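Enquirer:
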Amino acid sequence: MNSTFHKNIMRDEKYFKSFVKSIALLIFLSTSIALCYSQTTINSGSSVNFTISETIISEAGNDFPPVFSTSANETVISIAILPENVQNTTYENWSIDIKKSDIDWHNDILLSIKRTGSGTTNYGTTLIGGTVYQQIQNTDNSFFNGTGWITDIPLQYQITGISVTIPAKLYSTEVVFTLMDN
Amino acid sequence: MIKKNTLLIVNCIFLLFFIKLKAQVLDTDQVSIDVSVPEIALIDIEPSNEQITFNIAAVSNAGEKIDVSSLTNNTKWINYTSSLAPTSSSRNVSAQIISGNVPSGMELKLIAGSYTGTGAGTHGTSSGVITLSTSSQNIITNIGGAYTDNGSSNGHQLTYSLNIINYSLLDFEDTDTLIITFTLIDN
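Protein chains in written order, with this note's numbering: chain A, 1 to 182; chain B, 1001 to 1187.
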């Protein structure tokens, strides 16, 4: 009876040690994988200014023009998932989500964005979506997606809803790009 | 031993599979967007600044009253665009004679009608009838951020009326030209 009991304890201990080893290995592997995928970069300009001239309204009675746009490459975004290997440079699937985080904004002002080009790549990558203006919301929405390393993807912004009926002041928001591994 | 290793490998594969299935946030970046909306105050008279003329017809029969019904004009409209800073409360439109004199024995009255048109915002309120003078007087008050739209039939219609107040002072050979200015001013 005692011998059987002792064997059971030994067996349980072995299973426990094996279980702990498994967990430790899993944690090590998952951490390594996470570290690998976290070595990414998105490079873009830090600010965009829509400065509306006082003389843009030339005739009393008129409102501001309905649309203001930036240059076609106001922001360029580059994506590189490290480490550099064929999988990451060419085949790794990713997507860009976009949202805005208002600092001092007016609900009548609608901010939109689109991708105006395909950027530069030395690999057989793909790039899909984002080529028509989409309104940037305060929650994440899919912008475009692709594979591999691509640099200098040009982005253009547009605002509508600017009017003399809203207070004359500086409005600020922050556009947040989120690179997701798909 | 083989079973344990097999279990371990299966676990690892499962974990890897799980990690690949779940989309991960790899990186984020921010771009600040600034929009600067300027203060604007614009006013003009539509359809043009051309003068308006009042001709007082002589009576044909002695003892008749001079017909002043034709001494009104409502062909002019005020258009404005007003963009206000949050610290500014509102704006007014004032009118005053800056040149010339109203003919003796007469007065020139003016009223800005209520806003009408295809603009938007907080349009001003008519101050009612005023008698024009060389002093600045409000004809529209409490204009907020607003635009009237452009051209006749947009904004506030101006109605001038020339009234005889003292027949004894009338001089039928008198001709006067007045210049009236309209100003959009902060309160």
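Note that CB positions come from ideal geometry on N, CA and C, so glycine has one too.
Predicted model, so just to flag it, every value in this text is computed and none were measured.
#1: How about Thr1028/B: is its C-beta nearer than 8 Å to some C-beta of chain A?
#2: Measure from the alpha carbon of Asn1079/B to the alpha carbon of each residue in Gln1030/B, Ile1165/B, Asp1171/B and Tyr1147/B, then state which is nearest.
#3: List the residues of chain A that Leu1042/B touches, going by C-beta distances under 9 Å, in chain order.
#4: Using a threshold of 8 Å, state whether the C-beta atoms of Ile109/A and Ile159/A are closer than that.
#5: Quick one: using the 10 Å Cβ neighbour count with 16 as the cut-off for buried, is Glu74/A buried or exposed?
#6: With hydrogens ignored, establish whether the beta-carbon of Gly1113/B is closer than 7 Å to any heavy atom of the ligand NAP.
#7: Quick one: grab the DSSP three-state call for Gln87/A.
#8: Output, in chain order, the set of chain A residues within a Cβ distance shorter than 9 Å of Asp1047/B.
#9: Are the Cβ atoms of Ala1085/B and Leu1132/B separated by less than 8 Å?
#10: Taking 8 Å as the threshold (beta carbon to beta carbon), is Asp108/A in contact with chain B?
#11: Verify the CB distance criterion: does Pro1103/B have a CB-CB separation below 8 Å to chain A?
#12: Taking Ile150/A as the query, report the chain B residues whose CB atoms sit under 8 Å from its CB, ordered along the chain.
#13: Out of Leu1178/B, Ile1052/B, Gln1024/B and Asp1171/B, state which residue places its alpha-carbon closest to the alpha-carbon of Ser1104/B.
#14: Where does the unbroken beta strand (DSSP E) through Tyr1080/B begin, and where does it stop?
#15: Are the stretch 111-118 of chain A and the stretch 79-91 of chain A touching by the rule of at least three beta carbon pairs closer than 8 Å?
#16: List the residues of chain B whose Cβ lies closer than 9 Å to the Cβ of Leu179/A, in chain order.
#17: Residue range of the beta strand (DSSP E) that Lys169/A falls in?
#18: Can you tell me where the beta strand (DSSP E) holding Ile103/A begins and where it ends?
#19: Given Gly1100/B, which residues of its chain have a CB within under 7 Å of its CB, disregarding the five upstream and five downstream residues?
#20: Once DSSP output is grouped into helix, strand and coil, what is the label at Tyr1147/B?
#21: Is it buried or exposed for Val86/A, if we count other Cβ within 10 angstroms and need 16 for buried?
#22: Would the stretch 93-106 of chain A count as touching the stretch 121-139 of chain A if we require 3 or more Cβ pairs under 8 Å?
#23: Is the CB-CB distance between Trp149/A and Thr121/A below 8 Å?
Expert: Reading it off the structure:
#1: Yes, contact with chain A.
#2: Taking each of Gln1030/B, Ile1165/B, Asp1171/B and Tyr1147/B in turn and checking the Cα distance to Asn1079/B, the smallest one comes out for Tyr1147/B.
#3: Ile57, Ser58, Glu59, Ala60, Gly61 and Asn62
#4: yes
#5: Burial state of Glu74/A is buried, judged by a 10 Å Cβ sphere holding 16 or more other Cβ atoms.
#6: Summarising the ligand content, the structure contains no ligands, and the ligand NAP is consequently not present.
#7: DSSP, read as helix, strand or coil, puts Gln87/A in helix.
#8: Note on identity: in this sequence residue 1047/B is Pro, with Asp being the wrong assignment. Those within 9 Å of Pro1047/B in chain A number zero; the least Cβ separation is about 12 Å.
#9: no
#10: no
#11: no
#12: What Ile150/A touches in chain B: nothing, since even the nearest Cβ is about 14 Å away.
#13: Asp1171/B
#14: Thr1072 to Ser1083
#15: no
#16: By Cβ distance, chain B contributes Val1025, Leu1026, Asp1027, Thr1028 and Asp1029.
#17: That residue, Lys169/A, is in no beta strand (DSSP E); it is neither H nor E in DSSP.
#18: Asn93 to Asp104
#19: Asp1176, Thr1177, Leu1178 and Ile1179
#20: strand
#21: Using a 10 angstroms sphere on the CB of Val86/A, the tally of other CB atoms stays under 16, which defines it as exposed.
#22: yes
#23: yes
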